[in-house]
Amino acid sequence: MTLRTCLLASACAAVAAPAIADVNIYTTRQPELIQPVMDAFTESTGIAVNLAFVDGGIVERLKAEGDRSPADLVMTVDIANLQQIVDGGVIQPVESDVLTAAVPASLRAEDNSWFGLTKRARIVYASRERVADGEVTTYEDLASDKWEGRICTRSGVHNYNLALTSAVVAHHGEEGAAEWAAGVRENLARKPEGNDRAQVKAIWAGECDISLGNTYYMGKMLQDAEQTEWANSVRIVFPTFENGGTHVNISGVAMTKAAPNREEALQLMEYLVSPEAQSIYAELNYEYPVLESAELSELVSGWGEFTADDVKLEELASHRPVSLRIMEEVNFDG
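In structure tokens form, the structure reads like this:
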């Protein structure tokens, strides 16, 4: 075989076997938080993943790009953000036996337009010094007089607290949720301000005894030299609803309507719910896997076990307007 023939044969082979396409993701999570799991996917499949951090306006960006959008997937946190993407009409349903088998029905869209990847519980951080074991019981109990002047929380109209209030609506109706929100407001030690970590700092400083917060902030505080002392001053308690479990929210993924690399994107989505990826992803962010068989990180497992509330997240999203109105009517942040 001549050199020319050899070169032509190589060229023909290259045409016959085109390079594997990349997967492009718009994400509201800092890329360094999810890069390791993407690297593991690339190592396993040879498919590169390109992450673009979009701090806000994902829906507007996807609408502006239209069919020319390079984005295959969107990754974000909180059911409110996922529902906003759904309402924007910029994603498409995905049919996958792998995804529906791995992700519980309460943690994915009924039409398979989005899927949960990790869970975070909205729990109570309780002072180790001033709150006895067993003193925190239910979410409903947070509105009782025994907590007067003892509760700290971030804004009542923040997505995290609106989702929790929506869960109260789901369990007790609009009137019951309004009574609950007013009761919790009366028990606040100070005006809502700051993020979830700021509430733990307030407990450490003696300004309040308990606070509402997401579980993963404990991991983040323990990794920050300045905040470790705050974290060690509290313990995580998993309240439940009187007729349910502990309120959870998610990080999730959805395929864009444009998705130029659909097959590769679906391959990545399915990989993200595999035992390997679930363990990596959850450990990176101090969260809980949605896949029941995936291993928890040692730190997260040390926080204790809980039973997640089974109200579908889509139902919580539908109650968000009511929850926002309730928080405004009771002047929760006033």
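Mature numbering (1 follows the signal peptide of the UniProt record, and there is no 0) puts the sequence shown at residues -21 to -1, 1 to 313.
The C-beta atom is built at its ideal place from N, Cα and C for all residues, glycine as well.
Is the beta carbon of Val73 closer than 7 Å to that of Tyr5?
no
How should Ser212 be labelled, buried or exposed, when 16 other C-beta atoms within 10 angstroms of its C-beta is the threshold for buried?
buried
Using a threshold of 7 Å, state whether the C-beta atoms of Cys131 and Ala184 are closer than that.
no
Roughly how many whole angstroms lie between the Cα atoms of Ile215 and Val103?
In a straight line, the C-alpha of Ile215 is about 6 Å away from that of Val103.
Distance between Ser23 and Tyr260 (C-alpha atoms, nearest Å):
Distance between the alpha carbons of Tyr260 and Ser23 is about 16 Å.
Inter-residue spacing [alpha-carbon to alpha-carbon] between Pro49 and Trp282
40 Å
With 16 other CB atoms within 10 Å as the buried threshold, where does Glu39 fall?
exposed
Beta carbon of Ala273, beta carbon of Gln257: below 7 Å?
yes
Is Glu249 near the ligand MN, judged by its Cβ being under 6 Å from some heavy atom?
Among the components of this structure there are no ligands whatsoever, and the ligand MN is therefore not found.
CB-CB under 8 Å to Glu266, same chain, minus the five flanking residues each way: which ones, in chain order?
Thr97, Lys98, Arg99, Thr194, Tyr195, Ser230, Tyr260 and Val279
Closest to Ala59 by C-alpha separation, out of Ala146, Asp120, Val115 and Ser190, would be which residue?
Ala146
Could you check which residue in Gln206, Ala142 and Val232 has the C-alpha nearest to that of Ala296?
Nearest in C-alpha terms to Ala296, of all of Gln206, Ala142 and Val232, is Ala142.
Starting from the N-terminal side, write out each stretch of the beta strand (DSSP E) that is 3 residues or longer and does not extend beyond the region 229 to 273.
The region 229 to 273 contains no whole beta strand (DSSP E) run of 3 or more residues.
Give me, in chain order, the residues of the same chain whose beta-carbon lies closer than 8 Å to that of Ala(-6); leave out the 5 immediate sequence neighbours on both sides.
Because Ala(-6) carries a pLDDT of 40, less than 50, the predicted location of this residue cannot be relied on, and no value is offered for it.
In whole angstroms, what separates the C-alpha of Glu44 from that of Lys236?
Their backbone Cα atoms lie some 11 Å apart in a straight line.
Rounded straight-line distance, which links the Cα of Met248 to that of Arg101:
Distance from the CA of Arg101 to the CA of Met248, rounded to the nearest whole angstrom, comes to 26 Å.
Following the continuous alpha helix (DSSP H) through Leu96, name the residue where it begins and the one where it ends.
No alpha helix (DSSP H) contains Leu96, which is instead part of the beta strand (DSSP E) from Phe94 to Ser106.
Sort out for me which residues DSSP pairs Cys131 with in a bridge.
Partner(s): Ser190.
Using beta-carbon positions only, say whether Val148 and Ala161 come within less than 7 Å of one another.
no
With a threshold of 16 other CB atoms inside 10 Å of the CB of Asp124, please say whether the residue is buried or exposed.
It is exposed - the Cβ of Asp124 has fewer than 16 other Cβ atoms within 10 Å.
Sequence ranges, beta strand (DSSP E) only - wholly within the region 32 to 83, length at least 3
52 to 56
What residue range does the beta strand (DSSP E) around Ile215 cover?
Val213 to Val216 is the span of the beta strand (DSSP E), which, as asked, contains Ile215.
Check Thr21 in the structure and name its three-state DSSP category.
helix
Closer than 6 Å by C-beta to Ala81: which residues in its own chain qualify, once you throw out the five before and the five after it? Chain order, please.
So the qualifying residues of the chain are Val252 and Leu270.
Can you tell me the Cα-Cα spacing of Asp51 and Asn240, whole angstroms?
6 Å
Same chain, Cβ closer than 6 Å to Val77, five either side skipped, listed in chain order:
Glu249.
Which full runs of the alpha helix (DSSP H) of 4+ residues lie inside the region 105 to 185, going along the chain?
Counting only runs of 4 or more, we get 138 to 165 and 175 to 183.
By the DSSP assignment, the beta strand (DSSP E) with Val2 in it spans what residues?
Val2 to Thr6
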